[in-house]
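Counting with the numbering used here, you get residues 341 to 655 for the letters of the sequence shown.
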Amino acid sequence: MESDDMQDFAAEARRFLDAHVAKAPDRTAVAWGEGDDSMAYFSSLPPDEEREFVQRAREWQRIRYENGFGWITGPVEYGGRGLTPVHDLLYDAVESEYDVADTGVLSVIGLGMIGPTILAHAQPHIKDRWLPAMYRGDAIACQLFSEPGAGSDLASVSTRAVREGDSWVLNGQKVWTSVAQHSQIGLALTRTNPDARKHRGITAFLVPMDTPGVEVRPLRQMTGGADFNEVFLTDVRIPDDHRLGEVDGGWTVALTTLMNERATVGSEGVGPVGAALSPDHLSALMRATWTWDDRALRARLAELLVDVLATEHLN
341 MESDDMQDFA
351 AEARRFLDAH
361 VAKAPDRTAV
371 AWGEGDDSMA
381 YFSSLPPDEE
391 REFVQRAREW
401 QRIRYENGFG
411 WITGPVEYGG
421 RGLTPVHDLL
431 YDAVESEYDV
441 ADTGVLSVIG
451 LGMIGPTILA
461 HAQPHIKDRW
471 LPAMYRGDAI
481 ACQLFSEPGA
491 GSDLASVSTR
501 AVREGDSWVL
511 NGQKVWTSVA
521 QHSQIGLALT
531 RTNPDARKHR
541 GITAFLVPMD
551 TPGVEVRPLR
561 QMTGGADFNE
571 VFLTDVRIPD
581 DHRLGEVDGG
591 WTVALTTLMN
601 ERATVGSEGV
611 GPVGAALSPD
621 HLSALMRATW
631 TWDDRALRAR
641 LAELLVDVLA
651 TEHLN
């Protein structure tokens, strides 16, 4: 049974949502052809529709933030509510009952991965500058990690950062960067000591995306949308106070981001992705496509459902 505190919080969340949005249609409908099968974190849309999509996400995040639901677990001094992860999960569960804007463009990478990394590793004035802006929806953040030669082997990054006085000059290329075309800030991994072992010669920086020398090139798909981007850094000058963590200690910063990535992706079991993977939904899909009698597929379905349930409990 929920504690009185949780019951009060859920009731507060429902009052807020009732005042701003309508109830959502049933996403868990199990009849073939009903409900929503969408499982994408980001929607692949033509440019005009994509801009509208992002604007709706920003507006809904601002409304959440102004009403105390934009950063439920965040420190009060940075605009958060100071509550527990359980409160956060409870709010997500309540909000999933309502027809709200999809905020994945902000939340999956920026709020879910980079925000916690800034909180853990940035200097106080950088936290003051960026954390409220991100959780209010004013700033979108991207992850400048992968490179043409450093994908699964992330520690092989070759983008260079060379110190010049109180600044660093960055040169290199990042690729497969989600939401870079909409972002105001990026978290970049760079090589600062080419003579050190690869995990020990990396430094992390926050890169304002309007800095001279930053060029974003969307990777257009057949739909006209661009889920990913190339980002070129050419003589990009970044103040040392935008460094996260120690010089050559960027791998620790990267691990913070990657651990939050695991938690963020796992939490998607609540909401649209979880609904699309519900036992009833997948069973209906198999029956509608005449595959229910296939024992191998039923066994695979069982394995998938076990994985989904385990992920929900671990996150």
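Yeah, the Cβ is synthetic: ideal placement off N, Cα and C, and Gly gets one too. In this text the structure is predicted, and so the values were computed from the model without any measurement.
Run through DSSP, which three-state label would G611 get?
-> Because the pLDDT of G611 is 49, which lies under 50, any placement of that residue in the model is unreliable, and the number read from its coordinates should be weighed accordingly. Residue state, collapsed to three classes: coil.
Specify whether the region 588 to 595 and the region 530 to 544 touch according to this definition: at least 3 beta carbon pairs, one from each stretch, less than 8 Å apart.
-> As far as the Cβ criterion goes, the region 588 to 595 touches the region 530 to 544, which means the pair count is three or higher.
Residue environment, L644, which counts as buried when at least 16 other CB atoms sit within 10 Å = exposed
Could you tell me if G609 is buried or exposed, where buried requires 16 or more neighbouring beta carbons within 10 angstroms of its beta carbon?
-> Summary for G609: the model assigns pLDDT 47, below 50, so the residue's position carries little reliability, and this model does not support an answer.
Taking 8 Å as the cut-off, decide whether the C-beta atoms of M474 and L459 are in contact.
-> no
Roughly how many angstroms lie between the CA atoms of V502 and P534, to the nearest whole one?
-> Cα to Cα, V502 sits roughly 11 Å from P534.
Cα separation between D575 and R500?
-> Rounded to the nearest whole angstrom, the CA to CA distance from D575 to R500 is 10 Å.
Can I480 and Q513 be called in contact, C-beta distance under 8 Å?
-> Between I480 and Q513, the gap from beta carbon to beta carbon reaches 8 Å or more.
Go ahead and pull the three-state DSSP assignment for W508.
-> In the structure shown, W508 sits in a strand (DSSP, three-state: E or B).
Keeping to the same chain, check which residues put their C-beta closer than 6 Å to that of L584; ignore five residues upstream and five downstream.
-> H461, A462, A544 and V593
Beta-carbon separation of Q483 and T517 under 8 Å?
-> yes
Kindly confirm or deny that the region 348 to 366 and the region 486 to 498 touch, where touching means at least three C-beta pairs closer than 8 Å.
-> no
When the Cα atoms are used, what is the spatial distance from V302 to A351?
-> No answer is possible for residue 302: it lies beyond the span of the chain, which begins at 341 and ends at 655.
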